[in-house]
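Engineer: When we follow the UniProt record's numbering, the leftmost residue of the sequence shown carries the number 1, and every step to the right adds one.
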Amino acid sequence: MGESPTAVTAKLRISSKLDPEHPSAPRAPLARFYTALVTGDLRSLQVLTEQYHQDVNLVFEISRNELEWQVKSQASYGLSDIAQTSTALTVEDTRAPCHPAQPVLLPRKPRVPQPHLQHRSTLTHPTTPVAPPTPLWSSIPLPRCARLLLRRGAAVELRSEAGGDTALHVAARHRLWHHAQLYLRRRARVDARNARGETALGILCGHPPGPGDGSLQLFQLLVTHGADVNARDESWRSPLHRACGAANAELARRLLRRGADANAIDYDGVTPLGWALRGAAGHRELRPHLTVQLLLNHGSQRIWPPAFVKVLKSCAAVPEVIEVLFNSYSQIPVCQEWAKAVPREVFQQHQVFYESLLGLAGTARCLQHWCRSALRASFGSQCHSLIPLLPLPKALQDFLLLEPRGVVL
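#1: Would you call the CB atoms of A247 and A280 closer than 8 Å?
#2: Alpha carbon to alpha carbon, how far is K394 from V311? Give it in angstroms, no decimals.
#3: Taking only the alpha-carbon atoms, compute the straight-line gap between Q293 and V324 and give it to the nearest angstrom.
#4: Excluding the 5 residues preceding and the 5 following Q301 in the sequence, name in chain order all residues of the same chain whose CB lies nearer than 6 Å to its CB.
#5: Buried or exposed, going by whether 16 or more other CB atoms sit within 10 Å of the CB of P211?
#6: Here's the rule I'm using: 16 or more other beta-carbon atoms within 10 Å means buried, otherwise exposed. How should L390 be labelled?
#7: How close, in whole Å, do the beta carbons of R376 and C366 come, if the pair is a contact with beta carbons under 8 Å?
#8: Can you give the Cα-Cα distance for Y329 and D261, rounded to whole angstroms?
#9: Would you mind sorting A316 into buried or exposed? The rule is 16 or more other CB atoms within 10 Å of its CB.
#10: Kindly indicate which residue of V170, V408, R242, R32 has the alpha-carbon position closest to the one of N327.
#11: Could you tell me whether the Cβ atoms of V309 and A341 are closer together than 8 Å?
#12: Return the Cβ separation of L286 and P239 in integer angstroms, given the expectation that the two are a contact with Cβ distance under 8 Å.
#13: Indicate the three-state DSSP secondary structure (helix, strand or coil) for R27 in the structure shown.
#14: Quick test of your reading: L148 and R186, contact by CB under 8 Å. State the CB separation rounded to the nearest angstrom.
#15: Is the separation between the beta-carbon of H42 and that of R144 shorter than 8 Å?
#16: When we look at the beta-carbon of G269 and count the other beta-carbons within 10 Å, is it buried (16 or more) or exposed?
#17: Since H169 and I203 should fall inside the 8 Å C-beta cutoff, what is the C-beta to C-beta distance between them, to a whole number of angstroms?
#18: Buried or exposed, going by whether 16 or more other CB atoms sit within 10 Å of the CB of L396?
#19: For W304, which of helix, strand or coil comes out of DSSP?
#20: So D398 is in the alpha helix (DSSP H); what residue range does that whole segment cover?
#21: What is the DSSP secondary structure of P333, counted as helix, strand or coil?
#22: Within 10 angstroms of its Cβ, does N297 collect 16 or more other Cβ (buried), or is it exposed?
#23: Please report the straight-line C-alpha distance between I387 and E403, rounded to a whole angstrom.
#24: At a cut-off of 7 Å, is F353 close to the ligand NAD when judged by its beta-carbon and the heavy atoms of the ligand?
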């Protein structure tokens, strides 16, 4: 190891073209250090940390108008009106692939040319932030870079200036299980909050489900380390609010299994069911009725019956949501206003369902439905666990659990 570095102040300029004043290969350690981070060059990063930078908690400040990168040692960090800063550890996080051995190119705004370093004696005033340059393809498993930074003394709890995110927040946002596991082993606080009061679990639950995205594995990791499933952010939204708003039925199921409050109310007075209904039309491909069905089977309070027409207006294109919610009431009056709330093209697309629904105007529900309502009222919030224990055929159990059929009786 070399001598301990002194406070560094430098400007990293991004040129639009090559010229004699900006040679193509940056020779200064700061530029090479940043390049090694964004490309996942573990070999170069190891050499640089050994030779030049014992202080691996560098803060990269980004300015947009002049296309400049400003770099300062954490020791010399002072007051600044810059809006976007990140540490070496969180820079590495945001460029890591979802799978540790799979090369990934993260989408960014228009590609920025190779950065070049130009030393200045004084720190210039920063301007508007800019997105980082597009990282290159790399087959190197980037969690190794994070591991190296931590071994060299990177602070796992160091926060970004603008959003107050820790490395664990960033790992949750990008669903990076291996990174999160590494930080938690280094005693990262699992319920650390950023500037918006969000925990890593809350951030994770706000993502719609995706095939092989690692969300379930990361969820299990966080709750195993004691993540609070009822933690509230500054808007009083819980992880369950976020999962329901994203139509993530599987995460919602696991949260409820861990004791999440199905009737938690956020700052605006909205429950998780309200969030599920709000987001249903935007997540039709995710089968949002599963989240609505799950909440109702866990005792979620239903909406005020006269407000049902509002659900029709927002969720008409997802008739499964309408059916599940409608069947959760023992009796709810069907009025003429409901027909006006369903757009004509939607009505034609789902004509069988809406004819059965609107045909109940002025009539009582069938005896089979009344029996279902009586059983559900008796079981209350335990419908999800007690109904499967009944000695009934699977089709009848599904009926009691509000499984949609495409028509209402």
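Cβ coordinates follow ideal geometry from the N, Cα and C atoms, glycine included.
Structural biologist: Let me spell this out:
#1: Against the sequence shown, residue 247 aligns to sequence position 247. Against the sequence shown, residue 280 aligns to sequence position 280. With a cutoff of 8 Å on beta-carbon distance, A247 and A280 are scored as near each other.
#2: As a first step, residue 311 is located in the sequence shown; it is residue number 311 there, counting from the start. As a first step, residue 394 is located in the sequence shown; it is residue number 394 there, counting from the start. For V311 and K394, the gap between their C-alpha atoms comes out near 29 Å.
#3: Stepping through the sequence shown from its first residue, residue 293 is reached at position 293. Stepping through the sequence shown from its first residue, residue 324 is reached at position 324. Each residue's Cα considered, the two are about 6 Å apart.
#4: The residue labelled residue 301 in the question sits at position 301 within the sequence shown. In its chain, beyond the 5 residues on either side, N263 have a beta carbon closer than 6 Å to the beta carbon of Q301.
#5: Walking along the sequence shown from the start, residue 211 turns up at place 211. Per the 10 Å Cβ criterion, exposed.
#6: Numbered from 1 along the sequence shown, position 390 holds the residue referred to as residue 390. Burial call: exposed.
#7: Within the sequence shown, the letter at position 376 stands for residue 376. Within the sequence shown, the letter at position 366 stands for residue 366. About 15 Å separates the CB atoms of R376 and C366; that is not less than 8 Å, and the two are not in contact.
#8: Counting from one through the sequence shown, the residue named residue 329 turns up at place 329. Counting from one through the sequence shown, the residue named residue 261 turns up at place 261. One C-alpha to the other measures close to 21 Å.
#9: Stepping through the sequence shown from its first residue, residue 316 is reached at position 316. The residue is buried, with at least 16 neighbouring Cβ atoms inside 10 Å.
#10: As a first step, residue 327 must be located in the sequence shown, where it is residue number 327. Considering only alpha carbons, the answer is V408.
#11: Here residue 309 refers to the residue found at position 309 of the sequence shown. Here residue 341 refers to the residue found at position 341 of the sequence shown. Result yes, Cβ atoms of V309 and A341 sit closer than 8 Å.
#12: Working through the sequence shown from its first residue, we reach residue 286 at position 286. Working through the sequence shown from its first residue, we reach residue 239 at position 239. Their Cβ separation, rounded to whole angstroms, is 17 Å, which puts L286 and P239 out of contact at 8 Å.
#13: Indexing the sequence shown from 1 puts residue 27 at position 27. For R27, the predicted model reports a pLDDT of 42, less than 50, meaning its position is unreliable; a value from the coordinates is still stated below. Annotated three-state conformation of R27 is coil, per DSSP.
#14: On the sequence shown, residue 148 is found 148 positions in, with the first residue counted as 1. On the sequence shown, residue 186 is found 186 positions in, with the first residue counted as 1. Separation of the CB atoms of L148 and R186 is rounded to 13 Å, and the pair is thereby denied contact status at 8 Å.
#15: Taking the sequence shown and counting its residues from 1, the one referred to as residue 42 is at position 42. Taking the sequence shown and counting its residues from 1, the one referred to as residue 144 is at position 144. First, the residue type needs correcting, since residue 42 is Leu and not His in the sequence shown. In contact: L42 and R144 (Cβ atoms closer than 8 Å).
#16: Numbered from 1 along the sequence shown, position 269 holds the residue referred to as residue 269. G269 comes out exposed.
#17: Your numbering for residue 169 matches position 169 in the sequence shown. Your numbering for residue 203 matches position 203 in the sequence shown. Right, their Cβ atoms sit about 6 Å apart.
#18: If you number the sequence shown from 1, residue 396 lands on position 396. Label assigned to L396: exposed.
#19: Translated into the one-based positions of the sequence shown, residue 304 becomes position 304. When DSSP states are grouped into helix, strand and coil, W304 belongs to the coil group.
#20: Within the sequence shown, numbered from 1, the residue matching residue 398 stands at position 398. Counting along the chain, the alpha helix (DSSP H) containing D398 begins and ends at 394-400.
#21: By 1-based counting over the sequence shown, the position of residue 333 is 333. In the structure shown, the three-state DSSP call for P333 is coil.
#22: As a working note, residue 297 is residue 297 in the sequence shown. Its Cβ being crowded by 16 or more others within 10 Å, N297 is buried.
#23: As a working note, residue 387 is residue 387 in the sequence shown. As a working note, residue 403 is residue 403 in the sequence shown. Each residue's Cα considered, the two are about 13 Å apart.
#24: Ligands in the displayed structure: none, and consequently the ligand NAD is not present.
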